[in-house]
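Undergrad: The listed protein sequences derive, respectively, from chains X and E. Residue numbers for the first sequence follow this note's numbering, so the first one is 342 and each next one is one higher. Residue numbers for the second sequence follow this note's numbering, so the first one is 9 and each next one is one higher. Virtual Cβ for every residue (Gly too), placed ideally from N, Cα, C. Take a look at the following structure, please.
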Amino acid sequence: MNFNLIYESFLDILKGLGASLEIIILSLFLGLLLSLGIVMMRLTKNIVLNSFSRSFVFVIRGTPLLVQIYFIYYGLAQFTAIRESFIWIVLKEPFWCGVLALTINTSAYTSEIIRSGLNSIIKGQAESAVAFGMNKFQAFKRILLPQAIRQSIPAYSNEIILMIKASSLVSVITIMEMTGIARKIISKTFAPIEVFIAAGIIYLALNYLVTVIFKKIEKKYTISY
Amino acid sequence: MNKIFVIIASLFFVPLSLFAKWEEVRIGTEGAYPPWNGTNAAGELEGAEIDMATEICYRMGVKCTFVAQDWDGIIPALLNKKYDVIIAGMSITEERMEKVDFSIGYMTDGACLVVSKDSALASYQSELESVNLNNSDAATQKVVGSVVALLKGKKVGVQGGTIHQNFIEQYASSALLSTYSTQDDLNLDLGAGRVEIGLADCGAFDDYMSKKEGSNLTSVSPSMGGGPFGDGVGGAFRKEDDDLREMFNDAIKASLADGTISTIAKKWFGRDISM
Chain X
342 MNFNLIYESF
352 LDILKGLGAS
362 LEIIILSLFL
372 GLLLSLGIVM
382 MRLTKNIVLN
392 SFSRSFVFVI
402 RGTPLLVQIY
412 FIYYGLAQFT
422 AIRESFIWIV
432 LKEPFWCGVL
442 ALTINTSAYT
452 SEIIRSGLNS
462 IIKGQAESAV
472 AFGMNKFQAF
482 KRILLPQAIR
492 QSIPAYSNEI
502 ILMIKASSLV
512 SVITIMEMTG
522 IARKIISKTF
532 APIEVFIAAG
542 IIYLALNYLV
552 TVIFKKIEKK
562 YTISY
Chain E
9 MNKIFVIIAS
19 LFFVPLSLFA
29 KWEEVRIGTE
39 GAYPPWNGTN
49 AAGELEGAEI
59 DMATEICYRM
69 GVKCTFVAQD
79 WDGIIPALLN
89 KKYDVIIAGM
99 SITEERMEKV
109 DFSIGYMTDG
119 ACLVVSKDSA
129 LASYQSELES
139 VNLNNSDAAT
149 QKVVGSVVAL
159 LKGKKVGVQG
169 GTIHQNFIEQ
179 YASSALLSTY
189 STQDDLNLDL
199 GAGRVEIGLA
209 DCGAFDDYMS
219 KKEGSNLTSV
229 SPSMGGGPFG
239 DGVGGAFRKE
249 DDDLREMFND
259 AIKASLADGT
269 ISTIAKKWFG
279 RDISM
């Protein structure tokens, strides 16, 4: 075991922390917004929207993230129609393909987290809100969603941790985030163990931070019955 | 009873090298770098090096098994004894020789630059058909200079951990470099136009350019060798396995001498790239 190499790799990999965080934070933010749309579709009685939302979640949760990344990056680029359309401006960039794949992936999982949060709220609350003169959207926004979010905090912190780890997969589409840099060092040093230990330490530290922050948030917002 | 015990116990201390050590040899290859070593539709390994290794094993009278291993980890897995030799289009370079020992070279192919036919780069023409970076004459220097100028500020794609990546980093660090896990991924992105210039062994591009998806690509450069590109392709061995390396060297020499490797090269590359 070459401890000096672990230390040197650690410093090099740390240079990719910014790129990793950018992808993680952007995907989590966009994914959260998207998941709200998916949950609302799921809750309507409109059969088209409802079944779209169901199949979206089914497909995304049922396929590996790596396959989704490959499909978005290499798969879509095979179609001339896509390469000539304005979408190509976004899809041409590895960074945005990575963000897109992670966003779609996390949105499916997050929508299920929020949905189960909503299911845990007593049904009468929605009816009471309407009786107070709110329309359905207002009732959802003011009464149901805040409670659902509170219920979802523990499960969502878990999703964030999963996303931090999943972000390492975007190195396969040429993005030089932490794992990308780690792989580059390995190709020069031929010493995967030392380099991956260094990368692992950084991921572990990130996830530890998330755990600590969410423990505080949970303490503050979770109500015990 | 005691005698039997002593005999059995002492067997544990008999050095393994007393037995014929190399009755079985495990060969590590990538299986993703046709026509050197690829994987066919049935999932079997095929290619010039698979044919050559099979021939060499036959000559050495040993049983060989192939192990497919991603390029990323191909040297670490050799060092960790997942297999005994790498036969995977690996060029003999000083950087790699710090970790492994090479057999004599068996084939050599130049490095080619490939661009889209529609791009302005396609009109680039070099004054020489091929250059050896070990030469320092004026004509070579001039061509290398113009290649470097061509690469400047361009999006260039290479497979990670290759001589081609080393060349870009040493000679054309102003290029915007993207590294791929496999040659296939690089080919796809060249076809899609995400990278403007691809650099790899000429033969590795020929294969893709002959297919429909790669038909919009063309090779522009002089083919390049020497310097960071190393001196031909050889088998890589652990430093302590000199005996196995000598066995391979003898078999490779014999197969080169009687034209067997030349025939295999022509079959897969359409030209003779044997050394």
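Of all the CB atoms in chain X, is at least one closer than 9 angstroms to the CB of Ile-83 (chain E)?
TA: By 1-based counting over the second sequence, the position of residue 83 (chain E) is 75. Yes, contact with chain X.
Undergrad: When you compare the CB positions of Thr-73 (chain E) and Glu-38 (chain E), do they come within less than 9 angstroms of one another, or not?
TA: Taking the first residue of the second sequence as position 1, residue 73 (chain E) is located at position 65. Taking the first residue of the second sequence as position 1, residue 38 (chain E) is located at position 30. Contact: no.
Undergrad: So that I know if they touch, is there some Cβ in chain E lying closer than 9 angstroms to that of Ser-528 (chain X)?
TA: The residue you call residue 528 (chain X) lines up with position 187 of the first sequence. So, interface residue.
Undergrad: Taking 9 angstroms as the cut-off, decide whether the C-beta atoms of Thr-552 (chain X) and Glu-500 (chain X) are in contact.
TA: The residue you call residue 552 (chain X) lines up with position 211 of the first sequence. The residue you call residue 500 (chain X) lines up with position 159 of the first sequence. It is not a contact, given that the beta carbons lie outside the stated cut-off.
Undergrad: Counting only C-beta atoms, is Lys-247 (chain E) closer than 9 angstroms to chain X at any point?
TA: Counting from 1 along the second sequence, the entry for residue 247 (chain E) is found at position 239. For Lys-247 (chain E), the answer is no, since every Cβ of chain X falls outside 9 angstroms of its Cβ.
Undergrad: Does chain X have any CB closer than 9 angstroms to the CB of Thr-187 (chain E)?
TA: Here residue 187 (chain E) refers to the residue found at position 179 of the second sequence. For Thr-187 (chain E), the answer is yes, since a Cβ of chain X falls inside 9 angstroms of its Cβ.
Undergrad: Which value, in whole angstroms, describes the spacing of the CA atoms of Ser-221 (chain E) and Gly-199 (chain E)?
TA: In the second sequence, residue 221 (chain E) corresponds to position 213, counting from 1. In the second sequence, residue 199 (chain E) corresponds to position 191, counting from 1. According to the sequence displayed, residue 221 (chain E) carries Glu and not Ser. Going from the Cα of Glu-221 (chain E) to the Cα of Gly-199 (chain E) covers about 7 angstroms.
Undergrad: Is there a C-beta anywhere in chain E that falls below 9 angstroms from the one on Tyr-415 (chain X)?
TA: In the first sequence, counting from the first residue as 1, residue 415 (chain X) sits at position 74. Tyr-415 (chain X) counts as touching chain E.
Undergrad: Looking only at its own chain, which residues have a Cβ that is under 6 angstroms from the Cβ of Val-93 (chain E), when we skip the five neighbours before and after it?
TA: Residue 93 (chain E) sits at position 85 when you count from the first residue of the second sequence. If we look at Val-93 (chain E) and ignore the five residues flanking it on each side, its Cβ neighbours are Ile-35, Gly-243, Phe-245.
Undergrad: Can you pull the DSSP bridge partners for Val-93 (chain E)?
TA: Numbered from its first residue, the second sequence carries residue 93 (chain E) at position 85. BP columns for Val-93 (chain E) point to E:Ile-35, E:Phe-245.
Undergrad: Out of curiosity, what's the CA-to-CA distance linking Phe-393 (chain X) and Ile-366 (chain X)?
TA: Within the first sequence, the letter at position 52 stands for residue 393 (chain X). Within the first sequence, the letter at position 25 stands for residue 366 (chain X). Phe-393 (chain X) and Ile-366 (chain X): Cα-Cα distance of roughly 26 angstroms.
Undergrad: Hey, does Val-513 (chain X) have any beta-carbon neighbour from chain E nearer than 9 angstroms?
TA: Along the first sequence, read from residue 1 onward, the residue named residue 513 (chain X) stands at position 172. For Val-513 (chain X), the answer is yes, since a Cβ of chain E falls inside 9 angstroms of its Cβ.
Undergrad: Using the beta-carbon of each residue, which ones in chain X are nearer than 7 angstroms to Asp-80 (chain E)?
TA: For the purposes of this step, residue 80 (chain E) is identified with residue 72 of the second sequence, where counting begins at 1. The answer, in chain order, is Arg-524, Ile-527, Ser-528.
Undergrad: Can you give me the Cβ contacts of Ser-138 (chain E) inside the same chain, cut-off strictly under 6 angstroms, excluding the 5 residues immediately before and after it?
TA: Start at 1 with the first residue of the second sequence, and residue 138 (chain E) comes out as number 130. Result list for Ser-138 (chain E): Gly-118, Pro-230, Ser-231, in chain order.
Undergrad: Do you know whose CA, among X:Ile-505, X:Lys-557, X:Val-536, X:Ile-534, lies nearest Leu-545 (chain X)'s CA?
TA: Start at 1 with the first residue of the first sequence, and residue 545 (chain X) comes out as number 204. If we check each option's Cα against that of Leu-545 (chain X), X:Ile-505 comes out closest.
Undergrad: Whole-angstrom Cβ separation of Thr-187 (chain E) and Lys-525 (chain X), contact assumed at under 8 angstroms?
TA: For the purposes of this step, residue 187 (chain E) is taken as the residue at position 179 of the second sequence. For the purposes of this step, residue 525 (chain X) is taken as the residue at position 184 of the first sequence. Thr-187 (chain E) to Lys-525 (chain X), Cβ: 7 angstroms. Contact.
Undergrad: Hey, quick one: how far does the alpha helix (DSSP H) through Asp-214 (chain E) stretch, first residue to last?
TA: Taking the first residue of the second sequence as position 1, residue 214 (chain E) is located at position 206. Segment 210-217, the alpha helix (DSSP H) holding Asp-214 (chain E).
Undergrad: CA-CA distance, Leu-185 (chain E) and Glu-106 (chain E)?
TA: Along the second sequence, one-based indexing puts residue 185 (chain E) at 177. Along the second sequence, one-based indexing puts residue 106 (chain E) at 98. The alpha-carbon atoms of Leu-185 (chain E) and Glu-106 (chain E) are separated by roughly 25 angstroms.
Undergrad: In the DSSP output, what is Cys-120 (chain E) paired with across the bridge?
TA: By one-based count along the second sequence, residue 120 (chain E) stands at place 112. Paired residues: E:Ala-208.
Undergrad: By the criterion of Cβ-Cβ separation under 7 angstroms, what are the contact partners of Pro-533 (chain X) in chain E?
TA: Residue numbering aside, residue 533 (chain X) sits at position 192 when the first sequence is read from its first letter. Near Pro-533 (chain X) (Cβ distances below 7 angstroms), the residues of chain E are Gly-81, Pro-84.
Undergrad: Rounding to the nearest angstrom, what Cα-Cα distance links Gly-233 (chain E) and Asp-280 (chain E) in this structure?
TA: To locate residue 233 (chain E), count along the second sequence from 1; it is residue 225. To locate residue 280 (chain E), count along the second sequence from 1; it is residue 272. If I take the Cα positions, the gap works out to 16 angstroms.
Undergrad: Beta-carbon of Lys-356 (chain X) versus every beta-carbon of chain E: anything under 9 angstroms?
TA: Reading the first sequence from its first residue, position 15 is the one you call residue 356 (chain X). Taking Cβ atoms only, chain E never reaches closer than 9 angstroms to Lys-356 (chain X), which makes this a no.
Undergrad: Give the single residue among X:Ala-467, X:Ala-523, X:Val-513, X:Thr-515 whose Cα lies nearest to the Cα of Leu-346 (chain X).
TA: On the first sequence, position 5 is the one that residue 346 (chain X) refers to. Among X:Ala-467, X:Ala-523, X:Val-513, X:Thr-515, the Cα nearest to that of Leu-346 (chain X) belongs to X:Ala-523.
Undergrad: Are the C-beta of Pro-405 (chain X) and some C-beta of chain E separated by less than 9 angstroms?
TA: On the first sequence, position 64 is the one that residue 405 (chain X) refers to. No, Pro-405 (chain X) does not count as interfacial toward chain E.
Undergrad: Helix, strand or coil: which one does DSSP assign to Asn-45 (chain E)?
TA: In the second sequence, residue 45 (chain E) corresponds to position 37, counting from 1. Asn-45 (chain E): strand per DSSP, three-state reduction.
Undergrad: Using the C-alpha atoms, what's the distance from Trp-429 (chain X) back to Asp-209 (chain E)?
TA: Here residue 209 (chain E) refers to the residue found at position 201 of the second sequence. Here residue 429 (chain X) refers to the residue found at position 88 of the first sequence. Each residue's Cα considered, the two are about 29 angstroms apart.
Undergrad: List the residues of chain X whose Cβ lies closer than 8 angstroms to the Cβ of Arg-329 (chain E), in chain order.
TA: What is shown of chain E runs 9 to 283, which leaves residue 329 (chain E) out entirely.
Undergrad: Tell me the residue span of the beta strand (DSSP E) that contains Ala-76 (chain E).
TA: Start at 1 with the first residue of the second sequence, and residue 76 (chain E) comes out as number 68. Note, Ala-76 (chain E): beta strand (DSSP E), 71-76.
Undergrad: Within 10 Å of its beta-carbon, does Ala-128 (chain E) have 16 or more other beta-carbons around it, so buried, or fewer, so exposed?
TA: Here residue 128 (chain E) is taken as the residue at index 120 of the second sequence, counted from 1. Result: exposed.
Undergrad: Between the C-alpha atoms of Ile-514 (chain X) and Tyr-411 (chain X), what's the straight-line distance to the nearest angstrom?
TA: On the first sequence, residue 514 (chain X) is found 173 positions in, with the first residue counted as 1. On the first sequence, residue 411 (chain X) is found 70 positions in, with the first residue counted as 1. Approximately 8 angstroms, taken between the alpha carbons.
Undergrad: If we cut at 9 angstroms on Cβ distances, does Arg-314 (chain X) have a partner in chain E?
TA: Any question about residue 314 (chain X) goes unanswered here, given that chain X covers just 342 to 566.
Undergrad: Determine whether the beta carbon atoms of Met-607 (chain X) and Ile-354 (chain X) lie at a separation below 9 angstroms.
TA: Given a span of 342 to 566 for chain X in the structure shown, any question on residue 607 (chain X) remains unanswerable.
Undergrad: Alpha carbon to alpha carbon, how far is Ile-413 (chain X) from Leu-432 (chain X)? Give it in angstroms, no decimals.
TA: Counting from one through the first sequence, the residue named residue 432 (chain X) turns up at place 91. Counting from one through the first sequence, the residue named residue 413 (chain X) turns up at place 72. Roughly 8 angstroms between the two C-alpha positions.
Undergrad: Quick check: is the beta carbon of Gln-173 (chain E) nearer than 9 angstroms to any beta carbon in chain X?
TA: By 1-based counting over the second sequence, the position of residue 173 (chain E) is 165. Interface residue, yes.
Undergrad: Could you tell me whether any non-hydrogen atom of the ligand GTP is closer than 8 angstroms to the CB of Asn-195 (chain E)?
TA: Absence of the ligand GTP is noted for the structure shown, with no ligands found whatsoever.
Undergrad: Taking 9 angstroms as the CB-CB limit, is Glu-102 (chain E) close to chain X?
TA: Translated into the one-based positions of the second sequence, residue 102 (chain E) becomes position 94. Glu-102 (chain E) does not count as touching chain X.
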